[in-house]
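Asker: Residue numbers (our numbering): 18 to 258. Just passing along the structure, written as structure tokens.
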């Protein structure tokens, strides 16, 4: 027997809602070029492009970066955002992205050329589980790089910027550590920075230490989750999202 597609099971109200959502999508957003950055287990980066969101079936590799070095493979990858949150660092280009590597370093790269910005790789002392780069804002002319390692160590680096330069030349200074010796959790498994760069959420191991959020500027705890109850084996599942 032929199984009915799941889409056919939508109610009439749900279908109407989805149709309205499609109609409300700005035409410009649908026609904007789509870019996808993929990395493999040996550190090779591939950039794929499609003409627009309407033509994702046309995604094709347009460039390849990086060397085949398993020791420098990418373990975390995050697109850069501006200081207001959510937007690409440069609306007219591919912006920046931050990637953590297996050799305990983090690179901030240009999204068009793949070139490393800010004077080279940043050593973070252990395997990075989070690396996020923020562009300059009205409050600061510097870019910021926020990292968290598997040991639970968090660092903030800053680099001077020329806000009038193209994205690939905007960072004119080298990365300098401005916040160090900060340990928001023990044995971090996951970490995430809010879109405005103000709050850090970390998930780690240990009773009462599975999830916490911190104010990045003051390093004060904003929220601490209670320990999850153990399962029938006595194990407590760590946070993964």
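Glycine included, C-beta positions come from ideal geometry on N, C-alpha and C. Just so we're clear, the structure is a prediction, and the values are computed from it rather than from any experiment.
Just how far apart, CA to CA, sit residue 222 and residue 251?
Answerer: Translated into positions along the chain shown, residue 222 becomes position 205. Translated into positions along the chain shown, residue 251 becomes position 234. Straight-line spacing of the CA atoms in residue 222 and residue 251 works out to 14 Å.
Asker: With DSSP run on the structure shown, which of helix, strand or coil describes residue 182?
Answerer: By one-based count along the chain shown, residue 182 stands at place 165. DSSP places residue 182 in coil when its eight states are reduced to three.
Asker: Among 169, 176 and 149, which one has its Cα closest to the Cα of residue 163?
Answerer: As a first step, residue 163 must be located in the chain shown, where it is residue number 146. Measuring from the Cα of residue 163, the nearest candidate turns out to be 149.
Asker: Counting only the same chain and skipping the five closest in sequence on each side, list residues whose C-beta sits under 6 Å from that of residue 82.
Answerer: Reading the chain shown from its first residue, position 65 is the one you call residue 82. Here the set comprises 62 and 131.
Asker: Considering just the uninterrupted stretch of the beta strand (DSSP E) at residue 163, what are its terminal residues?
Answerer: Reading the chain shown from its first residue, position 146 is the one you call residue 163. Its beta strand (DSSP E) spans residues 159 to 166.
Asker: Rounded to a whole number of angstroms, what is the C-alpha to C-alpha distance between residue 48 and residue 76?
Answerer: Position 31 of the chain shown, counted from the first residue, corresponds to residue 48. Position 59 of the chain shown, counted from the first residue, corresponds to residue 76. The alpha-carbon atoms of residue 48 and residue 76 are separated by roughly 14 Å.
Asker: Between 243, 174, 246 and 51, which has its C-alpha nearest residue 233's C-alpha?
Answerer: Within the chain shown, residue 233 is the residue found at index 216, counting from 1. Taking only the C-alpha atoms, the option nearest residue 233 is 174.
Asker: With a threshold of 16 other CB atoms inside 10 Å of the CB of residue 170, please say whether the residue is buried or exposed.
Answerer: For the purposes of this step, residue 170 is identified with residue 153 of the chain shown, where counting begins at 1. Label assigned to residue 170: buried.
Asker: Measure how close the beta-carbons of residue 172 and residue 204 come, nearest whole angstrom, since I'm counting them as under 8 Å.
Answerer: On the chain shown, position 155 is the one that residue 172 refers to. On the chain shown, position 187 is the one that residue 204 refers to. About 17 Å; that fails the 8 Å criterion.
Asker: Which residue wins for smallest C-alpha separation from residue 79, given the options 53, 211 and 167?
Answerer: Within the chain shown, residue 79 is the residue found at index 62, counting from 1. Out of 53, 211 and 167, 53 has the C-alpha closest to the C-alpha of residue 79.
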